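Right, one structure below, let's go through it.
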């Protein structure tokens, strides 16, 4: 007989099912909208150019190379996926394929997180928020990192729940290999996933899964060893110590965390209305919690993971130079923390979220995730050129076939909002960038001469981007933020340091000719 309690369970189950369907519709709608928009606007970074170049090399030559040379600044996994999608379609270029790859990776991540946690709101809030969507727009490997993490989480939960160990051990192995082969930063994340599994699911699961993580670690070290053998650097380029002071990095970390908090929780204001209304109706006594309630929640994994990941990234950046704390570097860790806390509140206090509020959150997240020139781009004043056509038109001017090597400072952008690509601009030529801080040790005349000496044939300095000496001076006198001065009063001031070494500046001034190509042997330069 259909009792009242059964009826209530059925009604509750029906509501949950409706919420799941609504959430999935909104997730895929947000991702499709962002995908279409990113295809038309671009969202290409300097890293993106390299991913696309490797993808095309895989299609044309079956190798992870750029201009015929093995390239390892980024792993080959993400470009490989882009190449596969482009090849299967038969007509989609690698740029469009990268956006479709992002769509598949992130949507599958939502499914995996939901299936593992059995919490649709956790999947929704991890995907539909300004930080994740901002990353999603770009052709970057963080999208593959999120998928690898979600698949690892899914496999670990299945092992914990007693499903076939062999089957899900294989799934976990695949997840870890995908992550490691797509982004070097996944290696410390894989270790953090293991530690999180130990904390959340206990020693037995950690011991059983340890061989899988160990094998993936051996795979990663083998990859780095191969890179070092081929190029002399395990990650394809020299990695320098952080040039910023610890006090500056701590302040920057705090400021970005504050900005991320405002962006994330600004987009989910409708959710907080539901929380405040619930607490107002039931009273503050509902706020009582104990540790066991938190640990037993299926979303506890993401809170621990996010907290450890954020801490590790903070200390790694204190020692090693790469992008400052921003959406790409620490965005996911913050998303995991925020989303798990929010979903725990909803789960613990049985707070319902209406479809209208989820839809409003989706719209706000899409809006906030856009760049500052969003309105200019959708108004038609900034349009994106067909990618294949842009590549065909992106060629250097006045560069004869006799010239084999080009030394450059700056390369023009192919389109508004699309960064330059020296690899494409000087395609077929040896290109030498004059290194500058903060990503490299500033070039010296001696180090530049040594790089030039590695190539035979005609060599030129390309000054075509500078029409006069004032433009060159403005470029060479640029600075980067590196320290904080606390002696100037209540508000500390930022200290900046020059990007270029003074000696290399004089070296370049001596050879400068406005808008021209100058032979490298001018003024006795070898």
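Numbering (my numbering), first residue to last: 22 to 547. For glycine and all other residues, C-beta sits at the position ideal for the given N, C-alpha and C. Model, not experiment: these values are computed from the prediction.
Check whether residue i and residue j have beta carbons under 8 Å apart
i	j	result
residue 218	residue 203	no
residue 378	residue 291	yes
residue 277	residue 347	yes
residue 423	residue 479	yes
residue 237	residue 198	yes
residue 386	residue 149	yes
residue 88	residue 265	no
residue 535	residue 488	yes
residue 358	residue 328	yes
residue 350	residue 263	no
residue 355	residue 281	yes
residue 321	residue 360	no
residue 134	residue 143	yes
residue 490	residue 473	no
residue 201	residue 168	no
residue 14	residue 319	Only positions 22 to 547 of the chain appear in this structure, which leaves residue 14 out of reach.
residue 465	residue 47	no
residue 533	residue 493	yes
Cβ-based burial, residue i [other Cβ within 10 Å; buried from 16]
i	result
residue 145	buried
residue 530	exposed
residue 540	exposed
residue 172	buried
residue 246	exposed
residue 39	exposed
residue 298	exposed
residue 334	buried
residue 332	exposed
residue 82	exposed
residue 405	At residue 405, the pLDDT of 49 sits below 50, so the modelled position is not reliable and the matter cannot be decided from this model.
residue 293	exposed
residue 67	exposed
residue 428	buried
residue 235	exposed
residue 402	At residue 402 the pLDDT is 46, less than 50, meaning the model places this residue with poor confidence; the figure from the coordinates comes in the next sentence. Burial call: exposed.
residue 57	exposed
residue 396	With a pLDDT of 49 at residue 396, under the threshold of 50, the predicted position of this residue should be treated as unreliable, though the coordinate-derived value follows. So residue 396 ends up on the exposed side.
residue 206	buried
residue 100	buried
residue 232	exposed
residue 283	exposed
residue 257	buried
residue 511	exposed
residue 285	buried
residue 352	buried
residue 44	buried
residue 336	exposed
residue 224	exposed
Supposed close pair residue i, residue j - CB separation, criterion 8 Å
i	j	result
residue 459	residue 501	5 Å
residue 151	residue 366	Actually they are not in contact, since the Cβ atoms of residue 151 and residue 366 sit about 20 Å apart, beyond 8 Å.
residue 248	residue 93	4 Å
residue 506	residue 514	5 Å
residue 80	residue 107	6 Å
residue 415	residue 446	6 Å
residue 102	residue 54	In fact, because the Cβ distance is near 22 Å, the residues do not count as touching under 8 Å.
residue 78	residue 86	5 Å
residue 252	residue 91	7 Å
residue 374	residue 295	6 Å
residue 372	residue 455	At roughly 57 Å, the Cβ-Cβ gap does not stay under 8 Å, so residue 372 and residue 455 are not in contact.
residue 239	residue 128	Their Cβ separation, rounded to whole angstroms, is 32 Å, which puts residue 239 and residue 128 out of contact at 8 Å.
residue 115	residue 73	5 Å
residue 156	residue 330	Not quite, the Cβ-Cβ distance comes to about 15 Å (not below 8 Å), so this is no contact.
Which residues DSSP lists as bridging residue i, in chain order
i	result
residue 501	518
residue 480	426
residue 538	483
residue 91	86
residue 341	262
residue 451	426
residue 376	The partner list for residue 376 (beta bridge, DSSP) is empty, contrary to what the question assumes.
residue 439	436
residue 506	514
Distance cut-off 7 Å: residue i Cβ against heavy atoms of the ligand MN
i	result
residue 353	With respect to the ligand MN, the structure offers nothing, as it holds no ligand at all.
Assess contact between the segment 415-432 and the segment 473-491, defined as three or more Cβ pairs (one per stretch) separated by less than 8 Å. Is contact present?
yes
Tell me, please, whether the segment 48-66 touches the segment 153-163 by the rule of three or more beta-carbon pairs shorter than 8 Å.
yes
For the segment 210-224 and the segment 174-194, state whether three or more C-beta atom pairs, one from each stretch, are separated by less than 8 Å.
yes
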